[in-house]
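K.L.:
Numbers given in my numbering equal positions in the sequence shown, counted from 1, plus 751.
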Amino acid sequence: MKSYSRNLWAAASLCVAIGLGCVVSCQHSRPPTSEPTWLPADRGLRSVAEFAVIADPDERSRALFLEVAKVLQHDRCVNCHPAGERPLQGSGAPHQPLVVRGEDGFGAPALGCDTCHGESSYLNMPGSPHWQLAPLEMAWEAKSARAICQQIQDPQRNGGKSPAELADHVAHDELVGYGWAPPAHLEPAPGNQRLLGQLFQAWLDSGAVCPE
């Protein structure tokens, strides 16, 4: 009887050991949770990773947008978001020769934007596919970072875009990408488009809080 009990105890212990071994093995076999791969800082634009040290979520969100605003308020961006009927060029000077916005942002019928601006920059002439001005309701010339932040979250003033559509526009639109591929005599926007896309998405994910 004692021998039977010892054998039963040994068998039970073996089953427990095998079960624990399976649990440990299964835990080790699970693929690790993937962490975001943040791009490094680039030419004056900080990496998303640098904002992790800001403990307060709202403060971190505001700081992320201020970083995004370094691009949005740069001449390469503002020149196509003017407050008037005339585009800007260079460091925010009125466009020469005199051209106008037109009804659809593509210029006057007899002198459309594509008369001079091609699919890409050539010599001193800026260019990109679908070269045009942003609609007047999307103008942010001379606006503060806070005002721009509030504007781009308003579908009435952001082209009717959802947050996801805004993120895609910022990260992938070819006309936005021109900001980093201007003619040699013009200063490109800070950072690069992929980095801006990551910063913008991180701002959305953090609650899209606007700076004070």
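For every residue, glycine included, the Cβ atom is placed at its ideal position computed from N, Cα and C.
Please report the distance separating the alpha-carbon of Asp793 from that of Arg852.
P.N.:
Against the sequence shown, residue 793 aligns to sequence position 42. Against the sequence shown, residue 852 aligns to sequence position 101. Rounded to the nearest angstrom, the two C-alpha atoms are 33 Å apart.
K.L.:
Measuring alpha carbon to alpha carbon, tell me which of Leu796, Ala834, Glu854 ends up nearest Arg908.
P.N.:
Numbered from 1 along the sequence shown, position 157 holds the residue referred to as residue 908. When only C-alpha atoms are compared, the closest one is Ala834.
K.L.:
Take the Cβ of Tyr929 as the centre, count every other Cβ of all protein chains shown within 10 Å, and call the residue buried at 16 or more, exposed below.
P.N.:
If you number the sequence shown from 1, residue 929 lands on position 178. Under this definition Tyr929 is a buried residue.
K.L.:
Candidates Gly863, Arg797, Glu818, Asn943: which alpha carbon is nearest Ala896's?
P.N.:
Taking the first residue of the sequence shown as 1, we reach residue 896 at position 145. With distances taken between Cα atoms, Ala896 lies closest to Glu818.
K.L.:
Compute the Euclidean distance between the alpha carbons of Arg837 and His846, then round it to the nearest angstrom.
P.N.:
Against the sequence shown, residue 837 aligns to sequence position 86. Against the sequence shown, residue 846 aligns to sequence position 95. Straight-line Cα distance between these residues: approximately 7 Å.
K.L.:
Roughly how many angstroms separate the alpha carbons of Gln949 and Val927, rounded to a whole number?
P.N.:
Against the sequence shown, residue 949 aligns to sequence position 198. Against the sequence shown, residue 927 aligns to sequence position 176. So the two alpha carbons sit approximately 14 Å from each other.
K.L.:
Can the beta-carbon of Ala885 be found closer than 8 Å to that of Gly858?
P.N.:
Walking along the sequence shown from the start, residue 885 turns up at place 134. Walking along the sequence shown from the start, residue 858 turns up at place 107. Contact flag unset, no.
K.L.:
Quick one: what's got a C-beta closer than 7 Å to Ser776's C-beta in the same chain, skipping five residues either side?
P.N.:
For this step, residue 776 is matched to residue 25 along the sequence shown. Legend: pLDDT at Ser776 = 43, less than 50; position of this residue unreliable, value from coordinates given subsequently. Cβ within range, chain order: n/a, list empty.
K.L.:
In this structure, does DSSP put Gly858 in helix, strand or coil?
P.N.:
Sequence index remark: in the sequence shown, residue 858 carries index 107 (1-based). DSSP places Gly858 in strand when its eight states are reduced to three.
K.L.:
Considering only residues of the same chain and omitting the five flanking positions on each side of Pro791, which have a CB-CB separation below 7 Å?
P.N.:
Locating residue 791 in the sequence shown gives position 40, where the first residue counts as 1. Excluding residues within five positions, the ones whose Cβ falls inside 7 Å are Ser798.
K.L.:
Helix, strand or coil: which one does DSSP assign to Gly863?
P.N.:
Walking along the sequence shown from the start, residue 863 turns up at place 112. Of the three classes helix, strand and coil, the one that applies to Gly863 here is strand, per DSSP.
K.L.:
Could you please give the first and the last residue of the uninterrupted alpha helix (DSSP H) stretch that includes Gly948?
P.N.:
Position 197 of the sequence shown, counting from 1, holds the residue named residue 948. Start and end: 944-956.
K.L.:
Leaving out five residues before and five after Ile805 in sequence, what residues of the same chain have Cβ atoms less than 7 Å from its Cβ?
P.N.:
The residue labelled residue 805 in the question sits at position 54 within the sequence shown. Around Ile805: Arg811, Ala814.
K.L.:
Please return the same chain residues whose Cβ sits closer than 7 Å to the Cβ of Asp865, not counting the five positions on each side in sequence.
P.N.:
If you number the sequence shown from 1, residue 865 lands on position 114. Once the five neighbours on either side are set aside, the close Cβ partners of Asp865 are Trp882.
K.L.:
Between which two residues does the alpha helix (DSSP H) holding Glu810 run?
P.N.:
Counted from its first residue, the sequence shown places residue 810 at position 59. Residues 808-823.
K.L.:
Taking only three categories from DSSP, how would you classify Asp919?
P.N.:
Sequence index remark: in the sequence shown, residue 919 carries index 168 (1-based). Asp919: helix per DSSP, three-state reduction.
K.L.:
Leaving out the 5 sequence neighbours to the left and right, which residues in its chain are closer than 8 Å to Cys867 when beta-carbon positions are compared?
P.N.:
Taking the sequence shown and counting its residues from 1, the one referred to as residue 867 is at position 116. Excluding sequence neighbours, Cys867 sits near Met876.
K.L.:
Does the distance from the C-beta atom of Cys831 to that of Val822 stay below 8 Å?
P.N.:
Looking up residue 831 in the sequence shown gives position 80. Looking up residue 822 in the sequence shown gives position 71. Taking 8 Å as the Cβ cut-off, Cys831 and Val822 do not qualify as a contacting pair.
K.L.:
Determine the direct distance from the alpha carbon of Leu947 to that of Ser957, and round the result to whole angstroms.
P.N.:
Indexing the sequence shown from 1 puts residue 957 at position 206. Indexing the sequence shown from 1 puts residue 947 at position 196. For Ser957 and Leu947, the distance between alpha carbons rounds to 15 Å.
K.L.:
According to DSSP, is Asp793 part of a helix, a strand, or is it coil?
P.N.:
Translated into the one-based positions of the sequence shown, residue 793 becomes position 42. Correct three-state label for Asp793: strand.
K.L.:
Could you check whether Ala940 and Trp931 sit closer than 8 Å to each other, using their CB atoms as the reference points?
P.N.:
Taking the first residue of the sequence shown as 1, we reach residue 931 at position 180. Taking the first residue of the sequence shown as 1, we reach residue 940 at position 189. Against a cut-off of 8 Å, the Cβ pair of Ala940 and Trp931 comes out as a contact.
K.L.:
Mind checking who Met876 pairs with in its DSSP beta bridge?
P.N.:
Residue numbering aside, residue 876 sits at position 125 when the sequence shown is read from its first letter. According to DSSP, Met876 bridges with Tyr873.
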